[in-house]
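First up is the structure itself, then whatever we jot down about it.
Residue numbers (the working numbering): 2 to 155.
Structural data, given as structure tokens:
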């Protein structure tokens, strides 16, 4: 196992606290720091697992603090939560490589998520009042006649 520097360890602990799998974290470490580690080494930084039972108090506290912040941002349906959507958009952005069109679309989507344009839409009537609905009681015969006329015209 490679000896890891402090920033790499912090990165691993926080990524695991955000419920990424050890395999995902190992891939992220390779991308971010250029260090090849395996998922077993990553799992030693998760205090909720058997391998992480000997983790230092500093990293345990960091893990639990990050997990708590992450979980308070999540609800039972992850896709309905802004934090989750932004995290997924970031993953897609990282995976898009040199595809500038895709990156542009993802940047726009992330902006809309943070700006509240997508999540705070309301459908209202004029001047913010409820939408006015009009119910009319039309006799069945009149309806059928009008329907027949329309069908015959087209």
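Cβ coordinates follow ideal geometry from the N, Cα and C atoms, glycine included.
As the structure is a computational prediction, the values presented were derived from the model and not from experiment.
Length of the line joining the Cα atoms of residue 13 and residue 127: Taking the first residue of the chain shown as position 1, residue 13 is located at position 12. Taking the first residue of the chain shown as position 1, residue 127 is located at position 126. Just so you know, the alpha carbons of residue 13 and residue 127 end up roughly 52 Å apart.
DSSP state of residue 150 mapped onto helix, strand, coil: Reading the chain shown from its first residue, position 149 is the one you call residue 150. For residue 150, the secondary structure class from DSSP, reduced to helix, strand or coil, is helix.
Buried versus exposed call for residue 140 [16 or more other C-beta atoms within 10 Å across all chains shown]: As a position in the chain shown, residue 140 is number 139, starting the count at 1. Looking at its Cβ environment, which holds fewer than 16 other Cβ atoms inside 10 Å, residue 140 is exposed.
Exposure of residue 148, with buried meaning 16 or more beta-carbon neighbours within 10 Å: Numbered from its first residue, the chain shown carries residue 148 at position 147. Classification of residue 148: exposed, given that the 10 Å Cβ count is below 16.
Range of the contiguous alpha helix (DSSP H) that encloses residue 43: Taking the chain shown and counting its residues from 1, one reaches residue 43 at position 42. Here the alpha helix (DSSP H) through residue 43 covers 40–44.
Burial state of residue 15, where buried means 16 or more other Cβ atoms lie within 10 Å: The residue labelled residue 15 in the question sits at position 14 within the chain shown. The residue in question, residue 15, is buried, as its Cβ has 16 or more Cβ neighbours within 10 Å.
Assigned exposure category for residue 30 - 16 Cβ within 10 Å defines buried: In the chain shown, the residue the question calls residue 30 occupies position 29. Using a 10 angstroms sphere on the CB of residue 30, the tally of other CB atoms reaches 16 or more, which defines it as buried.
Where residue 133 falls: helix, strand or coil (DSSP): Taking the chain shown and counting its residues from 1, one reaches residue 133 at position 132. Three-state result, residue 133: coil.
Residue 110 beta carbon less than 8 Å from that of residue 80: Reading the chain shown from its first residue, position 79 is the one you call residue 80. Reading the chain shown from its first residue, position 109 is the one you call residue 110. Cβ distance not < 8 Å, so residue 80 and residue 110 don't count as in contact.
Three-state secondary structure (DSSP) of residue 49: As a working mapping, residue 49 is identified with position 48 in the chain shown. Note: residue 49 maps to coil in three-state DSSP.
Coarse secondary structure for residue 1, derived from DSSP in three states: As displayed, the chain neither begins before 2 nor continues past 155, which places residue 1 out of reach and without an answer.
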